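**Q** Just so you know, we're using the working numbering here: the sequence shown kicks off at 11 and counts up by one.
Backbone N, C-alpha and C fix where the C-beta goes; we use that ideal spot for every residue, glycine too.
On a predicted model such as this, the values are computed, not experimentally measured, just so you know.
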Amino acid sequence: MLLKPPAQVILLDKQGATRMPLTRKTEPDITLVTVQPEDFETLVAIRIEAMRESLERVGRFDPVRARERFREGFSASCTHYIQVAGSKVGFVVVKPTSDGLLLDHLYIKPAVQGQGIGAAVLRQVFAQADETASTVRVGALKES
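(1) Rounded to whole angstroms, what is the Cα-Cα separation between Ile-58 and Leu-112?
(2) Taking the beta carbon of Ala-121 as the centre, do at least 16 other beta carbons fall within 10 Å, making it buried, or is it exposed?
(3) Measure the CB-CB distance between Asp-109 and Thr-145 and report whether it falls below 7 Å.
(4) Assess contact between the segment 137 to 144 and the segment 59 to 77, defined as three or more Cβ pairs (one per stretch) separated by less than 8 Å. Is contact present?
(5) Determine the extent of the beta strand (DSSP E) in which Gln-123 is found, giving its start and end residues.
(6) Using only the alpha-carbon positions, how far apart do Pro-47 and Gln-123 sit?
(7) Tell me, to the nearest whole angstrom, how far the beta carbon of Ile-56 is from that of Tyr-117; I am working on the premise that it is less than 8 Å.
(8) Assign Arg-70 to one of three DSSP states: helix, strand, or coil.
(9) For a quick check, are the C-beta atoms of Thr-107 and Val-45 less than 7 Å apart?
(10) Looking at the secondary structure, which residues open and close the beta strand (DSSP E) in which Val-43 lies?
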C-alpha cells in the first residue's frame, strides 16, 4: 500500500498573521508491506533498536522482556513493514477491535526518525479509521 501525501495544513498564530506549515511540502514515498510470521526476529530487532534509548532513559530497557511482550501479541496479518525507497525503516501494528482500531505498535529506526515517516503512517491509520467511522485507540508505555 503506498501512502498518499497529505494536504498541507496551515496554522495561524493568535493574530492570524504567521502561517506555519504543519506538514512537509514533500514526504518520502512510504510503502506498507504485510509481514510474514517468519519476520518475527527482524521485527524484534527493529523494536529493540527503536525503543532502546527511551527505555534506557527511564531505567526499563530489557531486550528479553521486549521480545517476550512482542511475542505475546504478535499477529503477522496486522503488522506492516514501513519501507522508504525499498528499505525497511520500521513497522506498524494496527489491530481491529470491537469498537474500531488499536494502534498497538509504531516503530521507526532511530537513523531515520524526524523525517516525517511516523507522521505519514499515522495519517494513513487515521484515514483508514475515517473511512469506516472507526475509533483509533493507542497503546503506549508509561514514561517512554
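**A** Walking through what the data contain:
(1) Against the sequence shown, residue 58 aligns to sequence position 48. Against the sequence shown, residue 112 aligns to sequence position 102. Cα to Cα, the separation comes out at about 21 Å.
(2) In the sequence shown, counting from the first residue as 1, residue 121 sits at position 111. Answer is exposed; the Cβ neighbour count stays below 16.
(3) As a first step, residue 109 must be located in the sequence shown, where it is residue number 99. As a first step, residue 145 must be located in the sequence shown, where it is residue number 135. Taking 7 Å as the Cβ cut-off, Asp-109 and Thr-145 qualify as a contacting pair.
(4) no
(5) Counted from its first residue, the sequence shown places residue 123 at position 113. Segment: none, Gln-123 is in no beta strand (DSSP E) and carries neither H nor E.
(6) Looking up residue 47 in the sequence shown gives position 37. Looking up residue 123 in the sequence shown gives position 113. One Cα belongs to Pro-47, the other to Gln-123, and the distance between them is close to 26 Å.
(7) If you number the sequence shown from 1, residue 56 lands on position 46. If you number the sequence shown from 1, residue 117 lands on position 107. Between Tyr-117 and Ile-56 the Cβ distance is about 6 Å, and since that is below 8 Å, they are a contact.
(8) Translated into the one-based positions of the sequence shown, residue 70 becomes position 60. It is coil, neither helix nor strand.
(9) For this step, residue 107 is matched to residue 97 along the sequence shown. For this step, residue 45 is matched to residue 35 along the sequence shown. No, they are not a contact pair.
(10) The residue you call residue 43 lines up with position 33 of the sequence shown. Segment 40 to 44, the beta strand (DSSP E) holding Val-43.
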